[in-house]
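*Asks:*
There are 2 protein chains.
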Amino acid sequence: MMAGEHEKNLVEILEENHPIDINKYTNFVHSPQCGAIATFHGNTRDTFDGKTVIELRYEAYVPMAIRCLKSICSSARSMWDLNAIAVAHRLGPVSVGETSVFVAISSVHRADALDACKFVIDEIKASVPIWKKEVYSNGEVWKENIEFLERRPEIGKTRVCCKPKVKVQDDEAVKSSCCRSKTKVEDDGSM
Amino acid sequence: MMAGEHEKNLVEILEENHPIDINKYTNFVHSPQCGAIATFHGNTRDTFDGKTVIELRYEAYVPMAIRCLKSICSSARSMWDLNAIAVAHRLGPVSVGETSVFVAISSVHRADALDACKFVIDEIKASVPIWKKEVYSNGEVWKENIEFLERRPEIGKTRVCCKPKVKVQDDEAVKSSCCRSKTKVEDDGSM
Chain A
0 MMAGEHEKNL VEILEENHPI DINKYTNFVH SPQCGAIATF HGNTRDTFDG
50 KTVIELRYEA YVPMAIRCLK SICSSARSMW DLNAIAVAHR LGPVSVGETS
100 VFVAISSVHR ADALDACKFV IDEIKASVPI WKKEVYSNGE VWKENIEFLE
150 RRPEIGKTRV CCKPKVKVQD DEAVKSSCCR SKTKVEDDGS M
Chain B
0 MMAGEHEKNL VEILEENHPI DINKYTNFVH SPQCGAIATF HGNTRDTFDG
50 KTVIELRYEA YVPMAIRCLK SICSSARSMW DLNAIAVAHR LGPVSVGETS
100 VFVAISSVHR ADALDACKFV IDEIKASVPI WKKEVYSNGE VWKENIEFLE
150 RRPEIGKTRV CCKPKVKVQD DEAVKSSCCR SKTKVEDDGS M
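Which chain is which? The protein sequence lines are A and B, in order.
Position 4 (the first sequence) corresponds to 3 in numbering that gives the first Met the number 0; numbering is contiguous.
Position 117 (the second sequence) corresponds to 116 in numbering that gives the first Met the number 0; numbering is contiguous.
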């Protein structure tokens with residue numbers, strides 16, 4: 000689809016205790032014109048660095064996260080010939096085995112959907128202001144996605160509109176731009 | 000998973016008029032150890048080269064196709080760290096919008112599942128003895144996957160065990176090896 004045409008995107012950040020309805024998003028991208036649907040499910044896994052994980056908890060600055068997700072969709076469309084894109088991300092606790100983020104993309108030919116699906120989930124992890132707390136059997140910690148830390152700002156600028164993201168307790172700071180550093184600064188001094 | 004350990008694979012070729020149960024295969028690969036599930040749906044689309052498609056019809060030499068699919072799973076496991084792989088392919092007529100082939104792969108980290116999913120569907124298209132008849136509003140034709148025609152034999156040999164596949168009317172010819180050229184030779188002279 001050419002830029003500027005109607006883009007069939009569904010971007011949703013779900014409130015606490017709302018599981019992701021996989022079929023809803025897969026059906027959204029389904030089209031008789033498309034030979035391909037690629038999907039990605041990001042699930043809570045039971046261990047991290049050898050520690051037993053009980054659940055993950057997600058927080059987001061929702062308006063900015065939605066803007067970033069839409070921007071990622073536009074970037075993907077600029078690089079691949081895509082029909083529809085659906086992205087859903089949960090907030091709040093997500094138990095082991097449950098899906099916290101889901102991406103579904105359809106295209107006429109399979110390479111477009113497959114490559115775009117990988118791009119979209121990589122960009123979500125690297126640049127969308129959604130923070131993850133890992134709750135272990137013996138404690139909990141806010142986690143930074145390793146790929147955000149590894150991404151150099153100049154790479155981010157060339158691929159999507161979102162800047163590195165920072166969540167700070169003063170929300171005015173984050174309202175001034177789309178996406179900034181993903182570092183979440185807490186007041187409790189525990190980090 | 001290391002080669003030689005128990006490999007959790009589900010490979011199925013479905014008889015005519017058996018739709019693919021997406022949830023069954025997705026659930027098969029689901030594991031609390033895995034942070035990622037990547038899937039690919041190959042669907043019948045409504046047009047090809049500007050012609051209106053009514054349905055696709057698939058035929059396979061099933062024992063050889065199963066062997067080839069299992070070989071592709073083993074190849075994928077040799078290249079990526081994968082938990083479970085599910086592959087399902089329908090036979091017979093598949094109407095526009097329906098899924099003819101589905102791949103689901105789980106892994107601890109997402110890059111493994113995503114990259115392996117693309118590899119597996121590419122290999123299925125290129126080397127598994129499943130033939131596709133496109134039924135148009137004004138006729139029908141057996142189709143060759145373009146990537147099979149483009150693949151040089153030496154590439155196939157280095158990536159999977161399957162050789163280029165040939166289906167000929169004399170089945171003895173195909174029983175002598177795993178996978179050969181994908182060209183289907185018909186007796187009716189229409190090609």
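We treat Cβ as the ideally placed atom computed from N, Cα and C, and that holds for glycine.
Source: prediction; values computed, not measured.
Excluding the 5 residues preceding and the 5 following phenylalanine 39/B in the sequence, name in chain order all residues of the same chain whose CB lies nearer than 6 Å to its CB.
*Replies:* Val102, Cys116, Ile120.
*Asks:* What residue range does the alpha helix (DSSP H) around arginine 109/B cover?
*Replies:* 109–126 is the span of the alpha helix (DSSP H), which, as asked, contains arginine 109/B.
*Asks:* What are the boundary residues of the alpha helix (DSSP H) that tyrosine 24/B is part of?
*Replies:* First-last of the alpha helix (DSSP H) with tyrosine 24/B: 21–28.
*Asks:* Over what stretch of residues does the alpha helix (DSSP H) that includes proline 62/A continue unbroken?
*Replies:* Here the alpha helix (DSSP H) through proline 62/A covers 61–78.
*Asks:* Check distances from the C-beta atoms of the stretch 22–33 of chain B to those of chain A and list, in chain order, the residues that come in under 9 Å.
*Replies:* The residues in question are Asn22, Thr25, His29, Ser30, Pro31, Gln32, Cys33.
*Asks:* Using beta carbons (cut-off 8 Å, strictly below), is aspartate 45/B in contact with chain A?
*Replies:* Yes - at least one Cβ of chain A is within 8 Å of the one on aspartate 45/B.
*Asks:* In whole angstroms, give me the CA-to-CA distance for leucine 13/A and isoleucine 19/A.
*Replies:* Distance between the alpha carbons of leucine 13/A and isoleucine 19/A is about 8 Å.
*Asks:* Sort out for me which residues DSSP pairs leucine 9/B with in a bridge.
*Replies:* In DSSP, leucine 9/B forms a bridge with Ala85/B.
*Asks:* Would you kindly work out how many angstroms separate the C-alpha atoms of cysteine 72/A and asparagine 82/A, rounded to a whole number?
*Replies:* Cα to Cα, the separation comes out at about 11 Å.
*Asks:* Looking at serine 99/B: is its Cβ nearer than 8 Å to the Cβ of leucine 55/B?
*Replies:* Yes, the pair counts as a contact, with Cβ atoms nearer than the cut-off.
*Asks:* Let me confirm a value: proline 128/B is counted as buried when at least 16 other C-beta atoms fall within 10 Å, else exposed. Which label applies?
*Replies:* With 16 or more Cβ atoms within 10 Å of its Cβ, proline 128/B is classed as buried.
*Asks:* Is there at least one Cβ from chain B nearer than 8 Å to arginine 109/A's Cβ?
*Replies:* Chain B, which has a Cβ nearer than 8 Å to the Cβ of arginine 109/A, makes this yes.
*Asks:* For histidine 88/B, does the count of other Cβ atoms within 10 angstroms reach 16, so buried, or fall short, so exposed?
*Replies:* It counts as buried.
*Asks:* Starting from the Cα of isoleucine 65/A, find the closest Cα among Ala85/A, Phe47/A, Phe27/A and give me that residue.
*Replies:* Closest by alpha carbon: Ala85/A.
*Asks:* Considering only heavy atoms of the ligand GTP, does any lie closer than 7 Å to the CB of alanine 103/A?
*Replies:* As far as ligands go, the structure on display features none, and thus does not contain the ligand GTP.
*Asks:* In whole angstroms, what separates the C-alpha of proline 31/A from that of valine 95/B?
*Replies:* If you take the alpha carbons of proline 31/A and valine 95/B, they lie about 6 Å apart.
*Asks:* Whose C-beta lies closer than 6 Å to the C-beta of valine 140/A among residues of the same chain, with five residues either side of it excluded?
*Replies:* Correct list, in chain order: Glu133.
*Asks:* For glycine 138/A, does the count of other Cβ atoms within 10 angstroms reach 16, so buried, or fall short, so exposed?
*Replies:* Glycine 138/A comes out exposed.
*Asks:* Is it buried or exposed for serine 192/A, if we count other Cβ within 10 angstroms and need 16 for buried?
*Replies:* Nothing can be reported for residue 192/A, as the shown portion of chain A is limited to 0 through 190.
*Asks:* Can you tell me the Cα-Cα spacing of aspartate 45/B and glutamate 97/B, whole angstroms?
*Replies:* When rounded, the distance between both Cα atoms is 11 Å.
*Asks:* So is asparagine 42/B buried or exposed if we call it buried at 16+ other beta carbons inside 10 Å?
*Replies:* Asparagine 42/B comes out buried.
*Asks:* Using 10 angstroms around the beta-carbon of glutamate 122/B, count the other beta-carbons present and answer buried if the total reaches 16, otherwise exposed.
*Replies:* By the 10 Å Cβ count, glutamate 122/B comes out buried.
*Asks:* Whose C-beta lies closer than 8 Å to the C-beta of glycine 34/A among residues of the same chain, with five residues either side of it excluded?
*Replies:* The residues are Ser106, Val107, His108, Arg109.
*Asks:* So what's asparagine 42/A in DSSP terms, helix, strand or just coil?
*Replies:* Of the three classes helix, strand and coil, the one that applies to asparagine 42/A here is strand, per DSSP.
*Asks:* Excluding the 5 residues preceding and the 5 following proline 92/B in the sequence, name in chain order all residues of the same chain whose CB lies nearer than 6 Å to its CB.
*Replies:* For proline 92/B, where only same-chain residues beyond five positions count, the Cβ hits under 6 Å are Glu54, Arg56.
*Asks:* Output needed for aspartate 114/A: all residues of its chain with C-beta closer than 7 Å, excluding positions within five of it in sequence on either side, in chain order.
*Replies:* These residues qualify, in order along the chain: Trp79.
*Asks:* Beta-carbon of alanine 37/B versus every beta-carbon of chain A: anything under 8 Å?
*Replies:* Yes, alanine 37/B counts as interfacial toward chain A.
*Asks:* Buried or exposed: which applies to threonine 25/B, given that a residue is buried once 16 or more other Cβ atoms fall within 10 Å of its Cβ?
*Replies:* Result: buried.
*Asks:* Whose CA, out of Leu90/B, Lys50/B, Tyr60/B, Asn8/B, lies closest to the CA of asparagine 16/B?
*Replies:* Checking every option, the nearest Cα to that of asparagine 16/B belongs to Leu90/B.
*Asks:* Output the boundary residues of the beta strand (DSSP E) element that contains glutamate 139/B.
*Replies:* Counting along the chain, the beta strand (DSSP E) containing glutamate 139/B begins and ends at 138–142.
*Asks:* So which residues of chain A does lysine 191/B contact, with C-beta pairs closer than 7 Å?
*Replies:* Since the first and last residues shown for chain B are 0 and 190, residue 191/B lies out of range.
*Asks:* Quick one: using the 10 Å Cβ neighbour count with 16 as the cut-off for buried, is asparagine 22/B buried or exposed?
*Replies:* Burial call: exposed.
*Asks:* Within 10 angstroms of the Cβ of aspartate 111/B, are there 16 or more other Cβ atoms? Answer buried if so, exposed if not.
*Replies:* Buried.
*Asks:* Do you know how far the Cα of lysine 142/B is from the Cα of glycine 192/B?
*Replies:* Because chain B spans 0 through 190 in this model, residue 192/B falls outside it and cannot be assessed.
*Asks:* How many Å lie between arginine 158/B and methionine 63/B at the Cα?
*Replies:* Low per-residue confidence applies at arginine 158/B: pLDDT is 44, beneath 50, and the placement is therefore not dependable, though the value from the model is reported in the following sentence. Rounded to the nearest angstrom, the two C-alpha atoms are 18 Å apart.
*Asks:* From glutamate 58/A to valine 61/B, what does the alpha carbon distance come to, in whole angstroms?
*Replies:* Distance between the alpha carbons of glutamate 58/A and valine 61/B: 49 Å.
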